[in-house]
Amino acid sequence: MTKPLVLINFKTYKEAYGDKALELARKIAKVKKTKYDLAIAPSLLTIKEVAQKTNLTIFSQHTDHINLGANTGRIPIDELKSFGVKGTILNHSERKIPLKFLKEIVQRCKNKKLITVVCASTISEIKKVALFHPNYIAYEPKEFIGGNISVTEAKPEIIVRAVETVKYLSPKTKVLCGAGIHSKEDLGHALLLGTEGVLIGHAVPKAKDPKKFLEEMLI
Ligand code: G3P
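With our numbering applied, the sequence shown closes on residue 241, and no number is skipped along the way.
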């Protein structure tokens with residue numbers, strides 16, 4: 023990923039589950055983008071179909087610290103890779119991972135070349151996960167997730183601190199921010215504050231016209 027990353031998390035929104043995941047992904051795939059790398063994170067139950075039926079860059083919403091073998095209800099890196107998945111969100115505030123497992127998953131992803139986006143809700147959590155040297159750290163203060171006040175508007179100074187903290191502890195790790203991001207202004211502010219992209223949740227799946235909405239955001 024050489025350009026700023028815009029990663030759209032489908033979560034389990036009713037506009038993006040089951041057959042709707044591929045429908046939404048196909049709308050997003052039509053968006054012309056030059057200035058940004060675009061990726062989506064469909065649900066784990068729809069990820070294979072979306073990865074194999076679109077040309078989008080696909081991330082999973084979670085990955086587990088296991089190899090293929092006798093594991094039940096787990097998500098192995100190898101299977102995601104076999105679908106053509108390029109990366110994974112880890113430790114999202116809606117899917118936390120104990121630090122000891124998170125450290126192991128990040129290392130396993132590095133070994134298998136799966137891009138890692140590790141989420142952190144606070145500066146102190148950033149300080150802990152930066153020591154695992156993931157590809158990206160996504161700073162997402164919980165109180166702004168799902169709302170229409172973007173973190174770039176409400177807490178710009180904390181985003182600057184997050185970027186400084188990551189760059190000090192893990193210079194090669196890129197910083198994303200997320201929570202309430204819903205306009206090209208929010209995206210522009212995020213980049214001005216020193217991040218290298220954003221994580222978006224509800225704004226795209228819940229847009230009346232997701233393709234038009236995203237095209238306007240990525241101008
Ligand atoms: O993973 C990104 C997500 O947590 C942000 O959610 O709805 O505030 O864009 P939202």
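Don't be surprised by glycine CBs; every beta carbon is placed ideally from N, CA and C.
Only a predicted model underlies this, so the values are computations on that prediction, with no experimental measurement involved.
Excluding sequence positions up to five before and after K103, its CB lies within less than 7 Å of the CB of K134 and L136, all in the same chain and listed in chain order. Secondary structure note for T138: its beta strand (DSSP E) is the uninterrupted segment I137 to A142. The residue from N157, H155 and R183 with its alpha-carbon nearest to that of P163 is R183. Non-local C-beta neighbours of A176 in its own chain, meaning closer than 7 Å and more than five positions away in sequence, comprise F166, ordered along the chain. Looking at I180, T138 and K125, the one whose alpha-carbon comes closest to that of S146 is I180.
When secondary structure is reduced to three states using DSSP, D208 falls in the helix class. Taking A229 as reference, the option from P26, K36 and M23 with the minimal CA-CA separation is K36. In this structure, I241 and A225 do not form a Cβ contact; the two beta carbons are roughly 15 Å apart against a cut-off of 8 Å. For the 9 Å CB-CB criterion, L112 and P178 do not form a contact.
In this structure, DSSP gives T79 an extended state, which the three-state scheme calls strand. Spatial neighbours of K149 in its own chain (CB-CB distance under 8 Å, excluding positions within 5 residues in sequence) are listed in chain order as T187 and L191. Secondary structure at Y190: helix, using DSSP grouped into helix, strand and coil.
With 16 or more other CB atoms across the displayed protein chains lying within 10 angstroms of its CB, N31 is buried.
In the three-state reduction of the DSSP assignment, V28 falls in the strand class, which pools E and B.
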